[in-house]
Amino acid sequence: MLACIRHLGIPLALLFAAALVGCTVNPATGKRELILISTEQEIAMGQEAAPEFEKEFGGRVSDDQLQAYVRAVGQKVAERCDRPLSYDFVVVASGTPNAFALPGGKVFITAGLVRLMENERQLAAVLGHEISHVVAKHNVKGMQRQMGAELLLSLAGRVMAKGNQAETAQAVAKIVAGVATMKYSRDDEYQADSLGIRYMTRAGYNPWGMVELLNSLASLSAREPGRLAEMFQTHPLTSKRIAEATAAIQNDPATRAFSAGAPDPGMATFQQMRRRLPTAPAAK
Ligand SMILES: [Zn+2]
Numbered sequence: 007m008l009a010c011i012r013h014l015g016i017p018l019a020l021l022f023a024a025a026l027v028g029c030t031v032n033p034a035t036g037k038r039e040l041i042l043i044s045t046e047q048e049i050a051m052g053q054e055a056a057p058e059f060e061k062e063f064g065g066r067v068s069d070d071q072l073q074a075y076v077r078a079v080g081q082k083v084a085e086r087c088d089r090p091l092s093y094d095f096v097v098v099a100s101g102t103p104n105a106f107a108l109p110g111g112k113v114f115i116t117a118g119l120v121r122l123m124e125n126e127r128q129l130a131a132v133l134g135h136e137i138s139h140v141v142a143k144h145n146v147k148g149m150q151r152q153m154g155a156e157l158l159l160s161l162a163g164r165v166m167a168k169g170n171q172a173e174t175a176q177a178v179a180k181i182v183a184g185v186a187t188m189k190y191s192r193d194d195e196y197q198a199d200s201l202g203i204r205y206m207t208r209a210g211y212n213p214w215g216m217v218e219l220l221n222s223l224a225s226l227s228a229r230e231p232g233r234l235a236e237m238f239q240t241h242p243l244t245s246k247r248i249a250e251a252t253a254a255i256q257n258d259p260a261t262r263a264f265s266a267g268a269p270d271p272g273m274a275t276f277q278q279m280r281r282r283l284p285t286a287p288a289a290k
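Start counting the sequence shown at 7; every next residue gets the next number (the working numbering).
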C-alpha cells in the first residue's frame, strides 16, 4: 500500500481517502495496484456520464429486438468474466465504427462497427474486449492518470453526495466521456484482447472470432485508410496485436482446440439482426 502511494506521489491530505480504497488486487491480473476510487464511485461516475455519452454517439438505435440481442451476447460473455458487475450493452446510431466502455460496466458499440462484422463470435469478441477494459480497470487508471488524484477524488465525492446535481453531472459526463474516448496503451489492448478471448471462450464462443475481426479491420483499413481512424485512435491496432491474440489462442489449453475456420453457429441470427440496422448513409 505505502509503496503504491509513494509511487504515485499523492499528497498527504489524500492519504485518508486513498486508504479507504487503496491497493486492490486487479481481478484480471492478480497484481496489486493503487485504485483511488471505490467500485461504487466508479459505477456512479459511469452512470452519470452514460446519457451524455449515448447522445454524443447518435443516441441508441431504436430497435428493441436488436438491442436485446446485443445485450444478451454481451451478458453471456460478462457472466464469465473476472469482475462481477452489472454490465450493460447498447448499440448507438453513429456510423463511425467504434466501441467504448465506461467505468463501471456500461458498454457502447456503434452501428458502424456492427455493420462491419460478419458473425456472432466477432460481436462477442468486441464486447469481450470492452468488458476486459472494465475488468482490468484500464479506464479507472486512465482517469487517475489524466485527472490526477485530487480532482478524481473530489469529483467521485461529488457524484456520491447528493445536491448540486446538474453541475456535477455535467462535469462528470465531460471528464468520463473524455477518458472513455482516449487512447488505450498498446499493453492495455493486448490485455483486453487476451482477457476477451478468455471470457468469450468460457461463454462458449470460438475465440478465433477475435482474430477474425482484427484481421478484417486491418484489411479494411488497408483498403480505405481513414475509415477506421477514430476506432484505432481509441483502440490501436497493430500487426503485433493480431500476432499476440493468435498466440494467446494457440498457447492456452482452453482455447487451443478451437479451429479458426469452423462455422459460427450464431452467424445466421447475427446477420438477421444486423439487417435491422438502418441503412448506412452513402460514403462521401
Ligand atoms: Zn481496447
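In this text, a Cβ means the ideal position worked out from N, Cα and C, and glycines have one as well. Model, not experiment: these values are computed from the prediction.
Give me, in chain order, the residues of the same chain whose beta-carbon lies closer than 8 angstroms to that of residue i; leave out the 5 immediate sequence neighbours on both sides.
i: Leu-220; result: Asp-199, Leu-243, Arg-247, Ile-248 and Ala-251
i: Leu-226; result: Leu-122, Arg-233 and Leu-234
i: Val-113; result: Gly-80, Tyr-93, Asp-94, Phe-95, Val-96, Ala-105, Phe-106, Ala-107, Leu-133, Glu-136, Ile-137 and Val-140
i: Arg-89; result: Pro-33, Ala-34, Val-140 and Val-141
i: Met-273; result: Glu-124, Asn-125 and Glu-126
i: Glu-236; result: Thr-102, Pro-103 and Asn-104
i: Ala-268; result: Asn-212 and Trp-214
i: Arg-66; result: Glu-60, Gln-73, Val-96, Val-97, Val-98 and Ala-99
Report the residue from the options whose alpha carbon sits nearest the alpha carbon of residue i.
i: His-139; options: Ala-105, Val-79 and Arg-151; result: Ala-105
i: Arg-282; options: Arg-151, Leu-72 and Val-185; result: Leu-72
i: Lys-82; options: Tyr-205, Ala-142 and Lys-189; result: Tyr-205
i: Ile-43; options: Ala-274, Phe-276, Ala-162 and Pro-269; result: Ala-162
i: Ala-117; options: Glu-60, Pro-259 and Pro-269; result: Glu-60
i: Ile-115; options: Glu-54, Leu-157, Arg-86 and Thr-187; result: Thr-187
i: Val-120; options: Lys-37, Glu-39 and Ala-99; result: Ala-99
i: Glu-173; options: Ile-49, Lys-37 and Glu-54; result: Glu-54
i: Leu-91; options: Ala-78, Gly-110, Gly-101 and Tyr-75; result: Gly-110
i: Lys-143; options: Gly-101, Val-67, Thr-275 and Gly-52; result: Gly-52
i: Ala-84; options: Asp-193, Ala-209 and Gln-278; result: Ala-209
i: Gly-215; options: Ser-160, Glu-58, Arg-38 and Ala-254; result: Ala-254
i: Pro-284; options: Asp-193, Phe-276 and Asp-69; result: Asp-69
i: Ile-41; options: Glu-58, Asp-270, Glu-218 and Leu-159; result: Leu-159
i: Gln-239; options: Gly-36, Ala-56, Cys-87 and Pro-103; result: Pro-103
i: Thr-275; options: Gln-256, Tyr-75, Asp-258 and Val-31; result: Tyr-75
i: Thr-45; options: Gln-256, Lys-37, Pro-57 and Val-31; result: Val-31
i: Arg-192; options: Ala-228, Ala-183, Val-217 and Ser-245; result: Ser-245
i: Ala-183; options: Pro-269, Glu-58 and Asn-257; result: Glu-58
i: Gln-171; options: Lys-37, Ala-50, Arg-66 and Gln-256; result: Ala-50
Helix, strand or coil: which one does DSSP assign to residue i?
i: Ile-248; result: helix
i: Thr-116; result: strand
i: Thr-275; result: helix
i: Val-146; result: helix
i: Leu-1; result: The shown model of the chain, from 7 to 290, leaves out residue 1, and the question about it has no answer.
i: Val-67; result: coil
i: Glu-58; result: helix
i: Leu-40; result: strand
i: Ala-84; result: helix
i: Phe-95; result: strand
i: Phe-264; result: coil
i: Ala-324; result: In the structure displayed, the chain extends from 7 to 290; residue 324 sits before or after that span and is not available.
i: Ile-49; result: helix
i: Ala-254; result: helix
i: Ala-155; result: helix
i: Ala-105; result: strand
i: Thr-174; result: helix
i: Thr-285; result: coil
i: Thr-30; result: strand
i: Ile-11; result: In this prediction, Ile-11 has a pLDDT of 46, which is less than 50 and means its spatial position is unreliable; what the coordinates show is noted afterwards. Helix, per DSSP.
i: Thr-207; result: helix
i: Leu-161; result: helix
i: Asn-212; result: coil
i: Ala-74; result: helix
i: Gly-202; result: helix
i: Arg-89; result: coil
i: Glu-230; result: coil
i: Asp-270; result: coil
Output needed for residue i: all residues of its chain with C-beta closer than 7 angstroms, excluding positions within five of it in sequence on either side, in chain order.
i: Tyr-211; result: Arg-127 and Ala-130
i: Val-313; result: Missing from the structure shown is residue 313; the chain here goes from 7 to 290 and no further.
i: Gln-47; result: Ala-162, Val-165 and Met-166
i: Thr-207; result: Pro-213, Ala-260 and Thr-261
i: His-241; result: Tyr-190 and Glu-195
i: Pro-287; result: Gly-101
i: Ala-175; result: Glu-54
With a threshold of 6 angstroms on Cβ separation, who are the neighbours of residue i within its own chain once the five nearest residues in sequence on each side are excluded?
i: Leu-157; result: none
i: Arg-77; result: Phe-95
i: Phe-62; result: According to the sequence as given, residue 62 is Glu; it is not Phe. No residues qualify anywhere along the chain.
i: Ala-266; result: Trp-214
i: Ser-222; result: none
Would you say residue i touches ligand 3, meaning its beta carbon is less than 7 angstroms from a heavy atom?
i: Gln-278; result: By its list of ligands, the structure shown excludes ligand 3, since it contains just ligand 1.
Can you confirm whether the stretch 172-183 touches the stretch 231-240 when touching is taken to mean that 3 or more C-beta pairs between the two stretches lie within less than 8 angstroms?
no
The stretch 199-208 touching the stretch 148-156, judged by at least three CB pairs closer than 8 angstroms
no
Near ligand 1, which residues have their beta-carbon less than 6 angstroms from any of its heavy atoms, given in chain order?
His-135, His-139, Tyr-190, Glu-195, Ala-198 and His-241
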